[in-house]
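Residue numbers (the numbering used here), protein chains in the order written: chain L, 26 to 183; chain Z, 512 to 1265.
Beta carbons are placed, not taken as given, at the ideal position from N, Cα and C, and that holds for glycine.
What follows is one structure encoded as structure tokens, with my remarks underneath.
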Amino acid sequence: MAGIAVSTTINGDAVEYLCQPDEPLLDVLRDRLGLTGAKEGCGTGDCGACSIILDDRLVCSCLVLGAEAQGRRIETVEGMAHGETLHPLQQKFLEHAALQCGICTPGFLIAAKDLLAKNPDPSEEEIRFGLAGNLCRCTGYDKIVRAVQDAAHVMKQA
Amino acid sequence: MNFDPRYANRNFASVGTRPIRPDGIDKVTGRARYGADFNMAGQLVGRVLRSPHAHAKIRKIDTSKAEKLQGVKAVITAADLPDLTDGDAAMYDILDNCMARAKALYDGHAVAAVAAIDARTARQALKLIEIDYEVLPHVTDVDEAMRHHAPLINDTIFTEGLEEKPAKPSNVTKRSQFGHGDVHAGFGAADFIVERSFRTEQTHQGYIEPHACVASVNLDGTAELWVCTQGHFVYRQHCAQLLGLEASKLRVTSSEIGGGFGGKTHVWAEPVALALSRKAGRPVKLVMTRDEVFRASGPTSATSIDVRIGARKDGTITAAEATLRYSSGPYAGSWAEIGAMTAFACYKLDNVRTVGYEVLVNRPKTAAYRAPSAPMAAFAVESAVDELAKEIGIDPVDFRIKNAAQEGTRSSYGPVYGPIGIGPTLEAVKNHPHMKAPLKQNQGRGMACGFWFNFGGQTCVDLNIGMDGSVSLAVGTVDVGGSRASLSLVAAEELGIDYSQLKAIVADTASLGYNDMTDGSRGTFSSSMATISAARNAIKILRDRAAQMWDIPVEDVIWEQGHAVAKGDNYGNLGKLSLKEIAAQSGKTGGPIAGHSELVADGAGVSFATHICDVEVDPETGATRVIRYTVVQDAGKAVHPTYVEGQYQGGAAQGIGWALNEEYIYGKDGRLQNAGFLDYRIPVCSDLPMIDTQILEIPNPNHPYGVRGVGETSIVPPLAAIANAVSNAAGVRMTHIPMSPPRILAAIEAEREG
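Structure, rendered in structure tokens:
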């Protein structure tokens, strides 16, 4: 089957690839482009481990087709740090030990980044509902919520 | 001098601090490599065909069409995994579970597998495999499976543990019994007796990372396996035995692991991937889908438990007994036995008896799940304890304090306790502000206790000192929750250097001696003991090198705060030599400096916790919200307190999911109806409150720093604590977990109707 040619932007870089019509964007990122930061926890949009930002919208990349990325902007966890400087969310996740196994962490970081872009000063409840599409089985979410609160505080002062 | 593991009080410099974990940066930047994040040149995609039937004879498998499909490189069935287990029944069960032989024993049981050039081709090939099944009657319920007329799952099994071998085969594989004293007399002395039956449904560990591996078998008989596992040395043994490989020629590398909780302690897909690779002559990557994870991996037991406890008016328990039935999937297990051991472990009892029955059902092979079997037993016992306190008219915390086990108590499962934390956790709960906080309408508070044994086991550590004075620590226990951080702290402590001078890694099976898997909360306990031993061995060498540099006897050199110090008045002008200074000269003083340790870590030190929970129950819908939660647990010495808190919080959250929502739902056809995260709903962020923690540190006498395991105990009390809270809020005793809205509504209505 012939592949579909796609031109897109990933973490600010122009990227081109060929994909099959039924190929999820998650598979393109992981298997064709080597961007394995996004994880497949379910493949059905229930766990959020594959979260990316597509044209300023938080999506599960397992539910987007690779072909749909044509002409759009993709942000993944690999693009969060700037050079040697971590994004405040990354730094606060480390400081608060907001990860144990870490498999859900890329998805949480992307979802939290999207949340804070839209609501720079969220309440605890807004954080909890804002991150309700991401599953974590290790932490009980306590330290994740605190890390996001702390990062929001730091980002407001920046 | 041999290593002395006994506890000695000391002031800690590194242990007890909260630095950033060494693997953290990779995990927040997406660089950490998990099971599915690894690839090899020429790699194929493996996929597994699974039985749609709960119980069926496999008459014939025709793979010829699949083999002819363009791009298919190998198709395997049980015939490609011949039985090499040589009478090892447990390994035979693992083999049969990896690939069904004569019968498919549950919905999701693997029956064939393919390796193809891409996922699409592999999926097409599965559809071309033709299987002739003879569908057999099935049973998925633990109580029904025990009935005489129940479909027989394995007609070669006769119940073990009975006085006489039974005449007929049975789905009950084993009976076990624990206890002491005279239960009959004990109940005779009771003023109050509570007797209740409880049920818990089957849950899954729910790790977010599906099982994944890359297997590569070479023509020369060597092989490599990259895999997410809790124990790569154990996986090596299993795979080598099942594939007929020499263990030392199979190199297993553990990837970062995206959660395990006991579910990644034995092999499922790995022997299949190796068999595919062997047949295809190319590396094979095999990753389970979420549907496969639910249908074919994990889960825990479903249970049915009867409890009877008697007490005098003054609140002294006079007798306690329980009958515990645990499902083990279609293969023999020891899950009820563990439940029977843990059930009354919190209490000081003169008369106690527990009986466990292991029950076969047509469900996936039961796997360990965080303090396996203990949460269900604790649910039943702690619910009955609460009810009994109410009947006597005594505060439930005081009732437990009065009957709590102590140092010197003979436990209900046999051993006599050393210093333990049940009493202190109860006292801490009694004095906790949470217990005094006001409650609103429809809200209730519950508390409960929990116990877990903790494991030790075979452990091996290498500690290598570089010429620049930096230290690499190679451990063999997989890091499932931050153990590289805690082990680095321990090495820094013992060597007297800064945490930042160390880097800990998990070594592969070719680079380090055998290690048991990370289970039983043993990772930090066991590997820290080996790390201390390895560091002490390295210090012996460092002292020797310093003595050479100074040209004085080694006996006159001591190790203090990361430095060799010459002791005695004669050496007043020698100053000190840092680890870095000694390392810099190592090429001239005898070569590389390292410390190794191989030991069996004994004396893990039992663990106790007490939890407090507030819930609000909506009487119209039966929906329950946890509004406040507090965990109090004895950690021994908390090496990295933040990650200890994390273990407490994570276990509590899993317990909340189990208590309120999670369950395997089977249809009449014996098929799992909710094999996905949409319908098997684990707690999300908006379901939970903050989870408060209080760490008690009662030193374990069998560890140099007093460390105990901390990972598992936190899931033991929640089912009971929440059930007690819901029962108090709804005004009706809840006896069936999970307490989903329909069950709570039904209980409220039944109570109203009397």
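When you compare each of the options to residue i by their alpha carbons, which one comes out closest?
{"i": "V84 (chain L)", "options": "L:N144, L:S148 and L:A137", "result": "L:A137"}
{"i": "I1043 (chain Z)", "options": "Z:G690, Z:G1106 and Z:G826", "result": "Z:G1106"}
{"i": "M610 (chain Z)", "options": "Z:R707, Z:S708 and Z:A807", "result": "Z:A807"}
{"i": "K584 (chain Z)", "options": "Z:I931, Z:R801, Z:F709 and Z:A624", "result": "Z:A624"}
{"i": "T651 (chain Z)", "options": "Z:R762, Z:K876 and Z:A784", "result": "Z:K876"}
{"i": "A589 (chain Z)", "options": "Z:R517, Z:G732, Z:V783 and Z:A678", "result": "Z:V783"}
{"i": "G70 (chain L)", "options": "Z:A1077, Z:T800, Z:K941 and Z:A1231", "result": "Z:T800"}
{"i": "I569 (chain Z)", "options": "Z:I642, Z:D990 and Z:A621", "result": "Z:I642"}
{"i": "I536 (chain Z)", "options": "L:R97, L:T110 and L:C163", "result": "L:T110"}
{"i": "E1127 (chain Z)", "options": "Z:I1233, Z:C750 and Z:V763", "result": "Z:I1233"}
{"i": "R57 (chain L)", "options": "L:D80, L:G28 and L:R171", "result": "L:G28"}
{"i": "A879 (chain Z)", "options": "Z:W846, Z:D594, Z:G770 and Z:R529", "result": "Z:W846"}
{"i": "A831 (chain Z)", "options": "Z:G1098, Z:S839 and Z:A856", "result": "Z:A856"}
{"i": "G717 (chain Z)", "options": "L:V173, L:V170 and L:R162", "result": "L:R162"}
{"i": "D80 (chain L)", "options": "L:C129, L:E149 and L:T33", "result": "L:T33"}
{"i": "M978 (chain Z)", "options": "Z:A701, Z:L1053 and Z:T1246", "result": "Z:L1053"}
{"i": "S1118 (chain Z)", "options": "Z:T1035, Z:A1046 and Z:I1209", "result": "Z:I1209"}
{"i": "W1169 (chain Z)", "options": "Z:A1146, Z:D1180 and Z:V1137", "result": "Z:V1137"}
Could you check if residue i is buried or exposed, using at least 16 other CB atoms within 10 Å of its CB as the buried criterion?
{"i": "I1176 (chain Z)", "result": "exposed"}
{"i": "M512 (chain Z)", "result": "Only weak support exists for where M512 (chain Z) lies, its pLDDT of 47 falling under 50; the value from the coordinates is given anyway. Answer is exposed; the Cβ neighbour count stays below 16."}
{"i": "R793 (chain Z)", "result": "buried"}
{"i": "T61 (chain L)", "result": "buried"}
{"i": "R1263 (chain Z)", "result": "exposed"}
{"i": "F523 (chain Z)", "result": "exposed"}
{"i": "L673 (chain Z)", "result": "exposed"}
{"i": "A567 (chain Z)", "result": "buried"}
{"i": "K117 (chain L)", "result": "buried"}
{"i": "L1072 (chain Z)", "result": "It is Gln, not Leu, that sits at residue 1072 (chain Z) in the sequence shown. Exposed: under 16 other Cβ atoms inside 10 Å."}
{"i": "A1261 (chain Z)", "result": "exposed"}
{"i": "K638 (chain Z)", "result": "exposed"}
{"i": "R634 (chain Z)", "result": "exposed"}
{"i": "Q1184 (chain Z)", "result": "exposed"}
Measure the beta-carbon distance from residue i to residue j and round it to whole angstroms, keeping in mind my assumption that it falls under 8 Å.
{"i": "T1224 (chain Z)", "j": "M1028 (chain Z)", "result": "Going by Cβ atoms, the distance from T1224 (chain Z) to M1028 (chain Z) rounds to 19 Å, so no, they are not a contact pair."}
{"i": "A565 (chain Z)", "j": "H695 (chain Z)", "result": "Actually they do not touch by this definition, with Cβ atoms about 41 Å apart."}
{"i": "V725 (chain Z)", "j": "V818 (chain Z)", "result": "Their Cβ separation, rounded to whole angstroms, is 47 Å, which puts V725 (chain Z) and V818 (chain Z) out of contact at 8 Å."}
{"i": "A1075 (chain Z)", "j": "K1087 (chain Z)", "result": "7 Å"}
{"i": "S1038 (chain Z)", "j": "V972 (chain Z)", "result": "6 Å"}
{"i": "A1094 (chain Z)", "j": "G980 (chain Z)", "result": "5 Å"}
Looking at chain L, is there any beta carbon in it that lies within less than 8 Å of the beta carbon of residue i?
{"i": "C960 (chain Z)", "result": "no"}
{"i": "K1160 (chain Z)", "result": "With the sequence shown as reference, residue 1160 (chain Z) is identified as Gln, and Lys is not the correct amino acid for it. Q1160 (chain Z) counts as touching chain L."}
{"i": "L1256 (chain Z)", "result": "no"}
{"i": "E1154 (chain Z)", "result": "A small fix is needed here, since residue 1154 (chain Z) is Tyr in this sequence, not Glu. Cβ-Cβ to chain L under 8 Å: yes for Y1154 (chain Z)."}
{"i": "S1300 (chain Z)", "result": "Residue 1300 (chain Z) is absent from the structure shown; chain Z starts at 512 and stops at 1265."}
{"i": "F1188 (chain Z)", "result": "yes"}
{"i": "G770 (chain Z)", "result": "yes"}
{"i": "T800 (chain Z)", "result": "yes"}
{"i": "T540 (chain Z)", "result": "yes"}
{"i": "G1157 (chain Z)", "result": "yes"}
{"i": "G535 (chain Z)", "result": "yes"}
{"i": "V559 (chain Z)", "result": "no"}
{"i": "V991 (chain Z)", "result": "yes"}
{"i": "Y718 (chain Z)", "result": "yes"}
{"i": "Q1165 (chain Z)", "result": "yes"}
So that I know if they touch, is there some Cβ in chain Z lying closer than 8 Å to that of residue i?
{"i": "D175 (chain L)", "result": "no"}
{"i": "D167 (chain L)", "result": "yes"}
{"i": "E41 (chain L)", "result": "no"}
{"i": "R162 (chain L)", "result": "yes"}
{"i": "L51 (chain L)", "result": "no"}
{"i": "E109 (chain L)", "result": "no"}
{"i": "K181 (chain L)", "result": "no"}
Note to self: So if I threshold CB-CB distances at 8 Å, which residues from the stretch 71–104 of chain L count as touching chain Z?
What the structure shows: D71, C72, A74, T101, V102 and E103
Margin query: For the stretch 131–157 of chain L, list every residue whose C-beta sits within 7 Å of some C-beta in chain Z, in sequence order.
Written below: P131, L134, R153, F154, L156 and A157
Next item on the list: For the stretch 1197–1221 of chain Z, enumerate the residues whose C-beta is nearer than 9 Å to any C-beta of chain L, in chain order.
Entry: S1197, D1198, L1199, P1200, M1201, I1202, D1203 and T1204
Next item on the list: Output, in sequence order along the chain, the residues in the stretch 116–130 of chain L whose CB is closer than 7 Å to any CB in chain Z.
Entry: F118, L119, E120, A122, L124, Q125, C126, G127, I128, C129 and T130
Check: Relative to chain L, which residues along the stretch 736–767 of chain Z have a C-beta separation below 7 Å, given in chain order?
Finding: Those residues of the stretch 736–767 of chain Z placed with their C-beta closer than 7 Å to a C-beta in chain L are E767, ordered along the chain.
Notebook entry, point to check: Of all the residues that make up the stretch 541–557 of chain Z, which are near chain L by a beta-carbon distance shorter than 8 Å?
Noted result: G541, R542, A543, R544, Y545, A547 and D548
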